[in-house]
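Peer 1:
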Amino acid sequence: MAAIISCHQYSFVATSPLKKSVHHKLSSTATHTNFHFAPSPNNAPIQPLKPLCCSQNPPPFRSPPKQASSPFLPYSILLRLENWFFPSLKGCAISIALAVGLLTGVPALANTTSNPALPDVSVLISGPPIKDPGALLRYALPIDNKAIREVQKPLEDITDSLKLAGVKALDSVERNVRQASRALKQGRTVIVSGLAKSKVDHGIEMLNKLEAGMEELEQIIADRNRDAVSPKQTELLNYVGGVEEDMVDGFPYEVPEEYQNMPLLKGRAAVDMKVKVKDNPSLDECIFRIVLDGYNAPVTAGNFVDLVERHFYDGMEIQRADGFVVQTGDPEGPADGFIDPSTEKTRTIPLEIMVNGEKAPFYGATLEELGLYKAQTRLPFNAFGTMAMARDEFEDNSASSQVFWLLKESELTPSNANILDGRYAVFGYITENQDYLADLKVGDVIESIQVVSGLDNLVNPSYKIAG
1 MAAIISCHQY SFVATSPLKK SVHHKLSSTA THTNFHFAPS PNNAPIQPLK
51 PLCCSQNPPP FRSPPKQASS PFLPYSILLR LENWFFPSLK GCAISIALAV
101 GLLTGVPALA NTTSNPALPD VSVLISGPPI KDPGALLRYA LPIDNKAIRE
151 VQKPLEDITD SLKLAGVKAL DSVERNVRQA SRALKQGRTV IVSGLAKSKV
201 DHGIEMLNKL EAGMEELEQI IADRNRDAVS PKQTELLNYV GGVEEDMVDG
251 FPYEVPEEYQ NMPLLKGRAA VDMKVKVKDN PSLDECIFRI VLDGYNAPVT
301 AGNFVDLVER HFYDGMEIQR ADGFVVQTGD PEGPADGFID PSTEKTRTIP
351 LEIMVNGEKA PFYGATLEEL GLYKAQTRLP FNAFGTMAMA RDEFEDNSAS
401 SQVFWLLKES ELTPSNANIL DGRYAVFGYI TENQDYLADL KVGDVIESIQ
451 VVSGLDNLVN PSYKIAG
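Taking UniProt numbering, the leading residue of the sequence shown gets 1, the next gets one more, and so forth.
1) Determine whether the beta carbon atoms of Leu455 and Ala269 lie at a separation below 8 Å.
2) Helix, strand or coil for Val22? Go by DSSP, reduced to three states.
3) Per DSSP, which residues does Glu432 bridge with? Please list them.
4) CB-CB under 7 Å to Pro298, same chain, minus the five flanking residues each way: which ones, in chain order?
5) Near Val459, which residues of its chain fall below 7 Å by C-beta distance, leaving aside the five closest residues on each side in sequence?
6) Return yes when the Cβ of Glu447 is within less than 8 Å of the Cβ of Val271, no when it is not.
7) For the segment 276-286 and the segment 296-311, state whether three or more C-beta atom pairs, one from each stretch, are separated by less than 8 Å.
8) Might you give, ordered along the chain, the residues of its own chain that have their beta carbon closer than 8 Å to the beta carbon of Ile339, omitting 5 neighbours on each side?
9) Please classify Ser342: does DSSP put it in a helix, a strand, or coil?
10) Judging by CA-CA distance, which residue of Gly428, Gly329, Leu155 and Tyr253 is the nearest neighbour of Phe381?
11) In chain order, what residues of the same chain lie with their CB nearer than 7 Å to the CB of Phe362, ignoring the 5 residues before and after it?
12) Give a yes or no on whether the C-beta atoms belonging to Leu351 and Thr366 are separated by under 8 Å.
13) To the nearest angstrom, how far is it from the Cα of Gln402 to the Cα of Thr343?
14) Which value, in whole angstroms, describes the spacing of the CA atoms of Leu379 and Ala165?
15) Distance check for Gly443 and Lys278, CA to CA, integer angstroms please.
16) Which whole-angstrom value is the C-beta distance of Leu207 and Leu236, which I expect to be below 8 Å?
17) Where does Met316 sit, in a helix, a strand or coil, going by DSSP?
18) Let's see if you can read the secondary structure: which residues bound the beta strand (DSSP E) around Ala438?
19) Three or more C-beta pairs closer than 8 Å, one from the segment 218-228 and one from the segment 183-200: is that the case here?
20) Apply the 10 Å Cβ neighbour rule to Asn261 and answer buried if 16 or more other Cβ atoms are within range, or exposed otherwise.
21) As a quick exercise: from Ile148, Ser193, Gln319 and Tyr436, pick the residue whose alpha carbon is nearest that of Ala183.
22) If Ala425 sits next to Ala375, beta carbons under 8 Å apart, how far is it from one beta carbon to the other, in whole angstroms?
23) Between which two residues does the beta strand (DSSP E) holding Glu447 run?
24) Let me know the secondary structure DSSP gives Glu395 once reduced to three states.
25) From Arg423, Thr386, Leu372 and Trp405, pick the residue whose C-alpha is nearest to that of Tyr396; which is it?
26) For Val177, name the three-state secondary structure that DSSP assigns.
27) Does the beta-carbon of Glu254, which I'm using as the reference point, lie nearer than 7 Å to any heavy atom of the ligand FMN?
28) Spatial neighbours of Pro307 within its chain, please: C-beta separation below 7 Å, excluding the five flanking residues on both sides.
29) To which residues of the same chain is Gly250 closer than 6 Å at the C-beta, ignoring the five residues directly before and after it?
30) By the DSSP assignment, the beta strand (DSSP E) with Ala228 in it spans what residues?
31) My assumption, with CB atoms under 8 Å, is that Val240 sits in contact with Val151. Please give the rounded CB distance.
32) Can you look up Leu372 in the DSSP assignment and give me helix, strand or coil?
33) Just tell me which of Asp227, Asn296, Thr377 and Val192 has its CA closest to the CA of Met247.
34) If you follow the alpha helix (DSSP H) that Met214 is part of, which residue opens it and which one closes it?
35) On the DSSP bridge list, what partners appear for Asp272?
36) If Gln233 and Leu155 are in contact, beta carbons under 8 Å, what's the gap, nearest whole angstrom?
Given below as structure tokens:
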């Protein structure tokens, strides 16, 4: 059953409830990619993964496959959309068409003991078709330094400049680089003054590399080497991110007392998730780099890193891949989460949402329940590969080990509305090789997840007690 809402230029299709417990096995094929990475030295920006693909060229980015049919979207949700999620649609004529029929597409994945679910309207995603996860992570840092942001913005704008046709592209890139270089020279003193005392030396090192890199990019432009621009842009933005992280002085707030003894990630960490993809003769495996943000989700990210160090996910299959999300984390047996050996009970964590303008996250309630309908989350569901916790639909604090990554379709994106933000806890983004996420299928195997940086930011690790 599908619900279609239209109002002038706005249209979307809401479909496919997403369940938390997912042991249904769907026949599938998938694409394989083989990557390797070189670990970075201490305190150095994490280097991008380098693809080693069996195919000559990586697959182009593409939207997830469309489903043949869609489960019912509750009418009560539709009635709330105009006044809540779509203020821009107020005053417009809204038509709602509900078609009733047999579901012949991907089945809803249910738990026999409960009804845990992601929201029924999970395909309503806000913003432009694709948001850059690196930019989201940079802007999510708890810093306030206008000078470094004025360097960051024109470097990020290079992405749009490269979309221009012909010589206009490099001409626009040249303007971006000049603007960033000028901002760095004019704001360097302010930038250095914003570095945490314990990180000044490393921050200055990053600034020097950034300055030298921009000179190299200027030469690339002078040589009219368009293909070399994007890799150099990525390198420069890694330096910018390194400088910005060096501005964070300690952990910026106190976690509520009731959660202080849980595994907490007080900072950021990066993990590499190696997935073996089945039933594809062309490609073998793929390694996804994921950055976990403990500044904005210390309990959620800490729980995940602790499970990674327990090797909880190693050998686990992808349990849902329906074109809207990729999901895993449901262990074998009757439990649908991680059973803590010390208590022999499912370990759960609270819903954790950081809102722009707030110093600490909200815990234990959705933004809707708090009445914060217009609040903007610090870690939004804007990027392809956004990572969040699955939970029981009507139990805010029921998340345990099941995680999902969002697959985004631009044609399902209404303007300035997002029904996932504030309802499910985002705690990271896939930052490398996320384009291959849509190729994963049910039955593909997570061979391993390894922490490659930031493990020292984990406090209260239960895996050490257990091991």
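Note that CB positions come from ideal geometry on N, CA and C, so glycine has one too.
Peer 2: So, from the data block:
1) Yes, Cβ-Cβ distance for Leu455 and Ala269 is below 8 Å.
2) A caution first: Val22 carries a pLDDT of 36, below 50, which makes its placement in the model too unreliable to give a value.
3) Paired residues: Arg289.
4) Exclusion of the five residues before and after Pro298 leaves Val255, Leu264, Leu265 and Lys266 as the residues of its chain whose Cβ lies within less than 7 Å of its Cβ.
5) Within the same chain, Cβ atoms closer than 7 Å to the Cβ of Val459 are found at Leu264 and Lys266, the five residues on either side in sequence being excluded.
6) No, the Cβ-Cβ distance between Val271 and Glu447 is not below 8 Å.
7) Flag = no, the segment 276-286 and the segment 296-311 do not touch.
8) Cβ neighbours of Ile339 beyond the five flanking positions: Pro331, Lys345, Thr346 and Arg347.
9) Three-state DSSP puts Ser342 in coil, outside helix and strand.
10) Measuring from the Cα of Phe381, the nearest candidate turns out to be Gly428.
11) Once the five neighbours on either side are set aside, the close Cβ partners of Phe362 are Ile353, Val355 and Leu370.
12) The answer is yes: Cβ separation under 8 Å.
13) About 19 Å.
14) The alpha-carbon atoms of Leu379 and Ala165 are separated by roughly 33 Å.
15) Looking at the backbone, the Cα of Lys278 and that of Gly443 are separated by about 7 Å.
16) In this structure, Leu207 and Leu236 do not form a Cβ contact; the two beta carbons are roughly 11 Å apart against a cut-off of 8 Å.
17) Three-state result, Met316: strand.
18) Premise fails: Ala438 is in no beta strand (DSSP E) and is neither H nor E.
19) Under the 8 Å Cβ criterion, the segment 218-228 does not count as touching the segment 183-200, having fewer than three qualifying pairs.
20) Under this definition Asn261 is an exposed residue.
21) Ranking the options by Cα distance to Ala183, first place goes to Ile148.
22) Their Cβ separation, rounded to whole angstroms, is 15 Å, which puts Ala425 and Ala375 out of contact at 8 Å.
23) Its beta strand (DSSP E) spans residues Val445 to Ser453.
24) Coil at Glu395, not helix or strand.
25) Reading the sequence as shown, one finds Asp at residue 396 and not Tyr. Closest in alpha carbon position to Asp396, among Arg423, Thr386, Leu372 and Trp405, is Arg423.
26) Val177: helix per DSSP, three-state reduction.
27) Among the components of this structure there are no ligands whatsoever, and the ligand FMN is therefore not found.
28) Inspection of the sequence shows that residue 307 is occupied by Leu rather than by Pro. Sequence-distant partners of Leu307 (beyond 5 residues in either direction) whose C-beta falls short of 7 Å from its own C-beta, in its chain, are Tyr313, Phe338 and Ser401.
29) By the criterion of a C-beta distance shorter than 6 Å, Gly250 is surrounded by no residue of its chain, once the five residues flanking it on both sides are discounted.
30) First-last for Ala228: undefined, no H or E at that position.
31) Taking C-beta atoms under 8 Å as the contact rule, Val240 and Val151 qualify, at a distance of about 6 Å.
32) In the structure shown, Leu372 sits in coil (DSSP, three-state: anything other than H, G, I, E or B).
33) Comparing Cα-Cα distances from Met247 to each of Asp227, Asn296, Thr377 and Val192, the minimum goes to Val192.
34) Residues Val200 to Ala222.
35) BP columns for Asp272 point to Arg289 and Gln450.
36) Confirmed, about 6 Å.
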